[in-house]
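Count along the sequence shown starting at 1, add 21, and that's the number in our numbering.
Every residue, glycine too, gets a C-beta built ideally from N, C-alpha and C.
Here's the structure we're looking at; comments come further down.
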Amino acid sequence: MTTSPREKNAPRDVNEAAIIAAKSDIASGKNSKKVFIKTYGCQMNVYDSERMADVLSPIGYAPTDAPDHADLVILNTCHIREKAAEKVYSELGRIRKYKETNKPDMKVAVAGCVAQAEGAEIMSRAPVVDMVLGPQTYHKLPEMIAKVHRGTGQLLETEFDTLEKFDELPELRQPKGFSSFLTIQEGCDKFCTFCVVPYTRGAEVSRSVAHVVAEARQLAAHGVREITLIGQNVNAYNGLGEDGKEWTLGQLIRHVALIGGIDRIRFTTSHPRDMDDDLIETLGNEPKLMPYLHLPIQAGSNKVLHAMNRGHTYAEYKELIAKIRAARPDIALSGDFIVGFPGETETDFQQTMKCVEEIGYGSSFSFKYSVRPGTPGAGLPRQVPEDEKQDRLVRLQALLYQQQQDFNKSLIGQTLSVLVEGVGRKDDQLFGRSPYLQGTHFDGPKDLVGQIVNVKITDAGRNSLVGELA
Ligand code: 5AD
Ligand code: SF4
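Written out as structure tokens, the structure is:
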């Protein structure tokens, strides 16, 4: 069925009507509401939460860090592992009690991937919830809020149209600091057998170069110095370029690097299969790209990689890493690992340990496999018992944490550029991020916040660095 331009514009009209009505309320002093957004999970959720705040600002909602005072509470949820969803349900229990005793007119929304995957279940399991909206529908929040206030009962919006969402979002970004995420790609077509993302975020879709550049320029105009280009499969980026052709991530990065004010660029999360030569060369040649790459392998055994449908072997990954290191010798690698995927034996697990020893990671994220209903992994035989998963995770993390600590210690004595993001706990203490993303603490005057300064590293722990202005 084709959609006429008029129909396609209809939701925008409703949004605009809600915005106009709310703006007149604000002008008359009737409306200055507070929204509390709690974000779970990945960077894309952090980005989405900021965009929800952007959507709500024109209708009179100001963000608050105090849930107790909020007129609207939004839980922006993550479904990647079991515990993430359970945390949402227990948070909803606390909200229900608070709402019943203190603030009966508080409205509650559940957004994000749990909302997408379990929309109807959330509504029946948690009647306190007024609105359930998936990751592709949060531009409809003003319309949904208006309806809820009219007493429509619980509302569910979990359609899929990623590009429509980006078209409908307001232009103004209100970045919180000097480093900002920018979504360039969403969804995933890789279908790793353990993962829910292809089901909750949908198919791979890339935003056009023009859209990305316009948003990056707005961020720069608001003082942002560092942009992290994000996507579930960011290096599968193939957005429409200014020449009408599909652009690669390397091309896009080189273009964003031309924007004045943007001094640092990062991108995440990459898939080994989409790491093309152009991107590797860009890592080597583009000075604004930070020397840090998150490139998950998940497991070291070829048998497990195959069962996970990762589409590459350990040898191929190792070869890729060698190529990347040849192009950018100072690069630090970060990875994701899963232990206890169905069928993983102790011998397979030892291959993961060998991979970590051979590759060497500056930072990492490691997880026990968690069954995700609806994914192929859930139906596989030979699920690994919980105690074995736990035992493997402990051994893997001991190695990964040691590597992280050793990497941080190896930086002692070096001078690193640090983007100063804010002040520390004590007077004259500053906090920023190194090129390798470590939090870095040092003394200095407050007016350096927002600047990129040289810091000589004097001490290092597993999670952060300490230094002095160089
Ligand atoms: N169980 C455990 N870890 C998972 N991840 C994704 N799905 C699962 C799952 N079902 C991990 C992967 C991925 C990261 C974002 O989360 O390591 O790269
Ligand atoms: Fe999930 Fe695999 Fe896609 Fe990453 S590449 S989002 S792990 S399906």
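Write down the C-beta distance between Val-439 and Gly-471 rounded to the nearest angstrom, noting that I regard them as a contact closer than 8 Å.
Locating residue 439 in the sequence shown gives position 418, counting from the first residue. Locating residue 471 in the sequence shown gives position 450, counting from the first residue. Rounded, the Cβ-Cβ distance is 12 Å, inconsistent with contact.
Neighbourhood of Asp-15 by C-beta distance below 6 Å, restricted to the same chain and skipping five residues each side
Within the shown structure, residues of the chain are numbered from 22 to 491, placing residue 15 beyond reach of any answer.
Residue span of the beta strand (DSSP E) that contains Arg-454, given as start and end:
Within the sequence shown, residue 454 is the residue found at index 433, counting from 1. Its beta strand (DSSP E) spans residues 450-454.
Taking all protein chains shown into account, do 16 or more other C-beta atoms lie within 10 angstroms of the C-beta of Ser-355, making it buried, or fewer, making it exposed?
Counted from its first residue, the sequence shown places residue 355 at position 334. Looking at its Cβ environment, which holds 16 or more other Cβ atoms inside 10 Å, Ser-355 is buried.
Can you give the Cα-Cα distance for Glu-103 and Lys-447, rounded to whole angstroms?
Numbered from its first residue, the sequence shown carries residue 103 at position 82. Numbered from its first residue, the sequence shown carries residue 447 at position 426. Rounded to whole angstroms, Glu-103 to Lys-447 spans 38 Å at the Cα level.
Do you know offhand how far Lys-339's Cα is from Ile-380's?
If you number the sequence shown from 1, residue 339 lands on position 318. If you number the sequence shown from 1, residue 380 lands on position 359. Their backbone Cα atoms lie some 7 Å apart in a straight line.
Beta-carbon separation of Gln-424 and Tyr-382 under 9 Å?
Within the sequence shown, the letter at position 403 stands for residue 424. Within the sequence shown, the letter at position 361 stands for residue 382. Against a cut-off of 9 Å, the Cβ pair of Tyr-382 and Gln-424 comes out as a contact.
Residue range of the alpha helix (DSSP H) that includes Val-233
Reading the sequence shown from its first residue, position 212 is the one you call residue 233. Where Val-233 is concerned, the enclosing alpha helix (DSSP H) stretches over 230-242.
Is any non-hydrogen atom of the ligand 5AD found closer than 8 Å to the C-beta of Tyr-390, if you look at the structure I gave you?
Position 369 of the sequence shown holds residue 390. True, at least one ligand heavy atom lies under 8 Å from that Cβ.
Apart from the five residues on each side of it in sequence, which residues of its chain come closer than 8 Å, Cβ to Cβ, to Val-169?
Residue mapping note: residue 169 aligns to position 148 of the sequence shown, counting from 1. Lys-128, Asp-151, Met-152 and Leu-176.
Helix, strand or coil for Lys-168, going by three-state DSSP, please let me know.
Numbered from its first residue, the sequence shown carries residue 168 at position 147. Three-state result, Lys-168: helix.
Is the region 325-335 close to the region 211-231, with three or more CB pairs under 8 Å?
yes
Proximity to Asp-295 [Cα-Cα], best of Glu-337, Glu-178 and Leu-490:
As a position in the sequence shown, residue 295 is number 274, starting the count at 1. For the residues Glu-337, Glu-178 and Leu-490, the minimum Cα distance to Asp-295 belongs to Glu-337.
Check whether the Cβ atoms of Gln-206 and Ile-166 lie closer than 9 Å to each other.
Here residue 206 is taken as the residue at index 185 of the sequence shown, counted from 1. Here residue 166 is taken as the residue at index 145 of the sequence shown, counted from 1. No, these two residues do not count as a Cβ contact at 9 Å.
Answer with buried or exposed for Glu-139, where buried requires no fewer than 16 other C-beta atoms within 10 angstroms of its C-beta.
The residue labelled residue 139 in the question sits at position 118 within the sequence shown. Buried: at least 16 other Cβ atoms inside 10 Å.
Do you know whose CA, among Asp-468, Thr-461, Gly-482 and Lys-467, lies nearest Glu-489's CA?
What you label residue 489 is simply residue 468 of the sequence shown in a count that begins at 1. The residue with the shortest Cα to Cα distance from Glu-489 is Thr-461.
Pick helix, strand or coil for His-333, following the three-state DSSP scheme.
Residue 333 sits at position 312 when you count from the first residue of the sequence shown. His-333: coil per DSSP, three-state reduction.
Close-in-space but distant-in-sequence residues of the same chain around Asp-182 (CB under 7 Å, 5 per side omitted)
The count along the sequence shown starts at 1 and reaches residue 182 at position 161. When the five nearest sequence neighbours on each side are left out, the beta carbons in the same chain lying within less than 7 Å of the beta carbon of Asp-182 are those of Gln-157, in order along the chain.
Can you give the beta carbon distance from Leu-162 to Leu-77, rounded, assuming they're within the 8 Å contact cut?
In the sequence shown, the residue the question calls residue 162 occupies position 141. In the sequence shown, the residue the question calls residue 77 occupies position 56. So it is a contact: roughly 6 Å between Cβ atoms.
Could you give the DSSP three-state label for Val-129: helix, strand or coil?
Here residue 129 is taken as the residue at index 108 of the sequence shown, counted from 1. If DSSP states are grouped into helix, strand and coil, Val-129 belongs with the strands.
Give the straight-line distance between the Cα atoms of Ala-278 and Gly-81, rounded to the nearest whole angstrom.
The residue you call residue 278 lines up with position 257 of the sequence shown. The residue you call residue 81 lines up with position 60 of the sequence shown. Roughly 35 Å between the two C-alpha positions.
In chain order, what residues of the same chain lie with their CB nearer than 8 Å to the CB of Met-15, ignoring the 5 residues before and after it?
Nothing can be reported for residue 15, as the shown portion of the chain is limited to 22 through 491.
Taking all protein chains shown into account, decide if Ala-141 is buried (16 or more other Cβ within 10 angstroms of its Cβ) or exposed.
Residue 141 sits at position 120 when you count from the first residue of the sequence shown. Exposed, since its Cβ has fewer than 16 Cβ neighbours within 10 Å.
What's the C-alpha gap between Gly-395 and Val-217?
In the sequence shown, residue 395 corresponds to position 374, counting from 1. In the sequence shown, residue 217 corresponds to position 196, counting from 1. In a straight line, the C-alpha of Gly-395 is about 8 Å away from that of Val-217.
Counting only runs of 3+ residues fully inside the region 280-326, write out the beta strand (DSSP E) ranges in chain order.
Correct list: 285-289 and 313-315.
Going by CA-CA distance only, name the one from Tyr-61, Ile-342, Gln-195 and Leu-190 that's closest to Ala-83.
Walking along the sequence shown from the start, residue 83 turns up at place 62. Among Tyr-61, Ile-342, Gln-195 and Leu-190, the Cα nearest to that of Ala-83 belongs to Gln-195.
Relative to the ligand SF4, what is the chain-ordered list of residues with a Cβ closer than 6 Å to any of its non-hydrogen atoms?
Cys-209, Lys-211, Phe-212, Cys-213, Cys-216, Val-218, Pro-219, Gln-253, Asn-254 and His-292
Quick check: the Cα distance between Gly-400 and Lys-120, rounded to an integer number of angstroms?
In the sequence shown, the residue the question calls residue 400 occupies position 379. In the sequence shown, the residue the question calls residue 120 occupies position 99. Roughly 40 Å separates the two Cα atoms.
Please name the residue, chosen from Pro-317, Ala-136 and Glu-180, that lies closest to Ser-384 on a Cα-to-Cα basis.
Looking up residue 384 in the sequence shown gives position 363. Ser-384 has its Cα closest to that of Pro-317, out of Pro-317, Ala-136 and Glu-180.
Leu-486 versus Pro-148 - alpha carbon distance:
If you number the sequence shown from 1, residue 486 lands on position 465. If you number the sequence shown from 1, residue 148 lands on position 127. If I take the Cα positions, the gap works out to 46 Å.
Does the beta-carbon of Gly-465, which I'm using as the reference point, lie nearer than 8 Å to any heavy atom of the ligand MN?
This structure simply doesn't include the ligand MN; it includes the ligand 5AD and the ligand SF4 instead.
Neighbourhood of Gly-50 by C-beta distance below 7 Å, restricted to the same chain and skipping five residues each side
Taking the first residue of the sequence shown as position 1, residue 50 is located at position 29. Note on Gly-50: pLDDT 46, under 50, position unreliable in the model; no value is reported.
Enumerate, from N- to C-terminal direction, the unbroken alpha helix (DSSP H) stretches of 4 or more residues contained entirely within the region 389-471.
407-431
When the Cα of Asp-75 is compared with those of Ile-58, Gln-426 and Arg-275, which residue comes out closest?
Taking the first residue of the sequence shown as position 1, residue 75 is located at position 54. Nearest option by C-alpha distance: Ile-58.
Contacting residues, own chain, Cβ-Cβ under 7 Å from Ala-491 (five flanking each side not counted)
Taking the first residue of the sequence shown as position 1, residue 491 is located at position 470. Thr-436, Asn-475, Val-476 and Lys-477, listed in sequence order.
Tell me, to the nearest whole angstrom, how far the beta carbon of Leu-417 is from that of Ser-387; I am working on the premise that it is less than 8 Å.
In the sequence shown, the residue the question calls residue 417 occupies position 396. In the sequence shown, the residue the question calls residue 387 occupies position 366. Contact flag correct, Cβ pair sits at about 5 Å.
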